[in-house]
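In my numbering, the protein residues as written are 145 to 343. Data block below; observations after.
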Ligand SMILES: CC(C)(COP(=O)(O)OP(=O)(O)OC[C@H]1O[C@@H](n2cnc3c(N)ncnc32)[C@H](O)[C@@H]1OP(=O)(O)O)[C@@H](O)C(=O)NCCC(=O)NCCS
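Quick look at the structure:
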């Protein structure tokens, strides 16, 4: 997490329900490329500035998002975007849960959409594709660390994707002048913990 900004208080989200796209076609889900990163950076910037799903306080710029993307690609992790009418409206990726090597079969996921596109099944579709790809790549557990126990959208999409509630870390984040919980959810991938994979 970035450093705390002592005076940071709740920001007003400039996106309102008036932004909701009236007729959205079914999104294409495909692997992300570096050309998608400006849009991804913009989507994440909004989540950092106005949301509590992420505990980052300062939006990372394109250079930092590119650095993070390359680290994931070099590590062999999947990264998807959802496209509607040629534009990136959301993304989901998996990365290492923790760096110590015994965690190598466990991934942590992230999923973010443009606010105007929420609650249309796109987060679910992105997550389904990410889960399938992680299973293909041999990962055995996926963990969601959800910022804010009031994040009904994230808890809802993970539940619909088969994640189970593990527990809540109360008041571990401070953003917009208030304490925030993290909610831990987890889903087995493939054979999960029932068999031991070959390295
Ligand atoms: C979380 C997020 C990715 C969910 O994506 P989405 O496309 O809005 O969710 P979906 O439409 O696929 O919803 C899937 C299920 O989740 C649940 N759900 C989604 N949004 C919900 C909400 N606001 N309240 C309650 N349940 C919700 C529902 O069960 C829904 O299934 P249903 O529509 O059949 O009832 C999206 O809301 C988002 O980008 N939020 C901000 C960033 C964020 O919180 N990211 C997660 C970080 S861990």
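Just so it is clear, CB atoms sit at the ideal spot from N, CA and C, and this is done for glycine as well. If you're wondering where the values come from, they're calculated on a predicted model, not measured in any experiment.
| Check | Outcome |
| --- | --- |
| Length of the line joining the Cα atoms of residue 335 and residue 216 | 24 Å |
| Top-ranked residue by Cα proximity to residue 241, from 338, 329, 343 and 340 | 329 |
| Three-state class that DSSP yields for residue 190 in the structure shown | helix |
| is_contact[residue 303, chain C] using C-beta, thresh 8 Å | Of the protein chains in this structure there is only one, and it is not chain C. |
| Cβ distance (whole Å) where residue 252 is taken to contact residue 192 below 8 Å | In fact, because the Cβ distance is near 18 Å, the residues do not count as touching under 8 Å. |
| Nearest residue (CA-CA) to residue 291, options 201, 174 and 186 | 201 |
| CA-to-CA distance, residue 245 to residue 125, given in whole angstroms | It is not possible to answer for residue 125, since the shown part of the chain is limited to 145 through 343. |
| Residue interval of the alpha helix (DSSP H) (run including residue 340) | Counting along the chain, residue 340 falls outside any alpha helix (DSSP H), and DSSP gives it neither H nor E. |
| Sequence-distant residues of the same chain with beta carbon closer than 6 Å to residue 195, five excluded per side | none |
| Per-residue burial, residue 342 [other beta carbons within 10 Å of its own, 16 or more giving buried] | exposed |
| Closer than 7 Å: residue 238 CB and nearest ligand 1 heavy atom | no |
| Cut-off 6 Å between Cβ atoms - residues of its own chain near residue 249, not counting five sequence neighbours on either side | 283 and 284 |
| heavy atom of ligand 3 below 7 Å from residue 319 C-beta | The model depicted lacks ligand 3 and carries ligand 1 instead. |
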